[in-house]
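Student: Starting off with a structure, shown below.
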Amino acid sequence: MAENIVILTGAGISAESGIKTFRASDGLWENHRVEDVATPEAFFRNPLMVQQFYNTRREQLLSAAIKPNAAHQALARLETAWPGQVLLITQNIDNLHERAGSRNLIHMHGELLKGRCQTSGGLLEIDHDLTPALPCPLCGKPGCLRPHVVWFGEMPLQMETIYQALARCDLFISIGTSGNVYPAAGFVEEANRHGAHTIELNLEPSQRLTAFAEHRHGLATDLVPHYVD
Ligand code: BV8
Numbered sequence: 532m533a534e535n536i537v538i539l540t541g542a543g544i545s546a547e548s549g550i551k552t553f554r555a556s557d558g559l560w561e562n563h564r565v566e567d568v569a570t571p572e573a574f575f576r577n578p579l580m581v582q583q584f585y586n587t588r589r590e591q592l593l594s595a596a597i598k599p600n601a602a603h604q605a606l607a608r609l610e611t612a613w614p615g616q617v618l619l620i621t622q623n624i625d626n627l628h629e630r631a632g633s634r635n636l637i638h639m640h641g642e643l644l645k646g647r648c649q650t651s652g653g654l655l656e657i658d659h660d661l662t663p664a665l666p667c668p669l670c671g672k673p674g675c676l677r678p679h680v681v682w683f684g685e686m687p688l689q690m691e692t693i694y695q696a697l698a699r700c701d702l703f704i705s706i707g708t709s710g711n712v713y714p715a716a717g718f719v720e721e722a723n724r725h726g727a728h729t730i731e732l733n734l735e736p737s738q739r740l741t742a743f744a745e746h747r748h749g750l751a752t753d754l755v756p757h758y759v760d
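Note that the sequence shown ends on residue 760 in the working numbering; no numbers are left out.
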């Protein structure tokens, strides 16, 4: 078995938990292109629209209907079976990996259930709607609190840690991502460059299919437990 395993997940791993993927909605939300809503410019221009985009998704995530699925649970078992040898990097902003039990986890695009004070950079858990009128609990300024989410054009989180892990991993598994969004879509090259074995598990061939040494296509809840257990 590999010494160091790096796993990258995308929206596809949460699809069977009932969270829509970006592609399923043709990259649209209420007729806005996601790339146009998930940006600092959009937040500056129309904070109410952007806050509503995240309020809608936060409410759904907090509903009883949304639970981790067999793929999330299998990855948590893998980490338990190989203590200290598995790093899970997710592009997702939901909390299903941690609810399944994964601990060595990086949310490179942030977290839907956290807010960030734009004055201090301080973070806090949020389970309610954010609005432009809401005074920030950390600095008091109305509308200061933004979703702790990495928008297009913003630097993803913990990139140094991620590249260090890719440099020393010998197995890289990508699960449920279309390979459209960088820098995540380029991680497979980093892993290849350092001699890792690379596997794509996805419903359909991704944009990066040819970069992977191995690929299996199907539902994450079928593929991931099979690979992991
Ligand atoms: C940055 C948080 C630099 C917000 C997200 C031109 C070329 C290349 C790159 C660029 C370019 N122009 C601009 C860029 C850079 C840009 C980018 O990549 N744009 C794309 C659109 C071309 N990237 C950025 O801006 C990034 N930052 O580059 O910073 C920089 C440098 C210095 C200083 C400052 C900055 C930041 C990107 C992060 C954006 N935020 N999320 C939010 O969620 O609202 S990205 C968001 O979209 C998601 O987090 C996710 O990452 C992405 C969607 O991707 P997927 O997860 O793959 O989801 P998708 O729906 O696409 O695919 C799902 C897959 O699952 C499908 O393949 C499907 O077949 C499969 N599936 C479905 N069901 C199942 C399944 N698989 C298995 N089982 C199932 N049941």
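Glycine included, every Cβ here is placed at the ideal spot set by N, Cα and C.
Does DSSP classify THR587 as helix, strand or coil?
Tutor: DSSP places THR587 in helix when its eight states are reduced to three.
Student: Please look up how many angstroms separate the CB atoms of PRO668 and LEU654, rounded, as I've assumed it's under 8 Å.
Tutor: With a Cβ gap of about 11 Å, PRO668 and LEU654 do not count as contacting.
Student: Inspect the beta-carbon positions of TRP560 and PHE575 and report whether they are closer than 8 Å.
Tutor: For TRP560 and PHE575, no; Cβs fall outside 8 Å.
Student: Quick one: using the 10 Å Cβ neighbour count with 16 as the cut-off for buried, is THR741 buried or exposed?
Tutor: Exposed: under 16 other Cβ atoms inside 10 Å.
Student: Look at the alpha carbon of ILE550 and the alpha carbon of ARG588, and state the distance between them as a whole number of angstroms.
Tutor: So the alpha carbons of these two residues sit roughly 9 Å apart.
Student: Go to ILE536, then tell me how far its beta strand (DSSP E) extends in each direction, as first and last residue.
Tutor: Per DSSP, ILE536 belongs to the beta strand (DSSP E) from 536 to 540.
Student: Helix, strand or coil for PRO756, going by three-state DSSP, please let me know.
Tutor: Three-state DSSP puts PRO756 in a helix.
Student: Taking only the alpha-carbon atoms, compute the straight-line gap between GLU566 and LEU702 and give it to the nearest angstrom.
Tutor: Answer to the nearest angstrom: the Cα atoms are 31 Å apart.
Student: Suppose you measure from the CA of ILE624 to the CA of CYS670; what does that come to, to the nearest Å?
Tutor: Roughly 24 Å between the two C-alpha positions.
Student: Quick check on the DSSP output: what are the complete alpha helix (DSSP H) runs of length 4 or more inside the stretch 667 to 720, in order along the chain?
Tutor: Qualifying alpha helix (DSSP H) stretches, in chain order: 690 to 699.
Student: Counting beta carbon pairs with one atom in the stretch 690 to 705 and one in the stretch 659 to 667, are three or more of them shorter than 8 Å?
Tutor: No: fewer than three Cβ pairs fall under 8 Å.
Student: Name, in chain order, the residues that DSSP records as bridge partners for LYS765.
Tutor: With the chain covering only 532 through 760, there is no way to say anything about residue 765.
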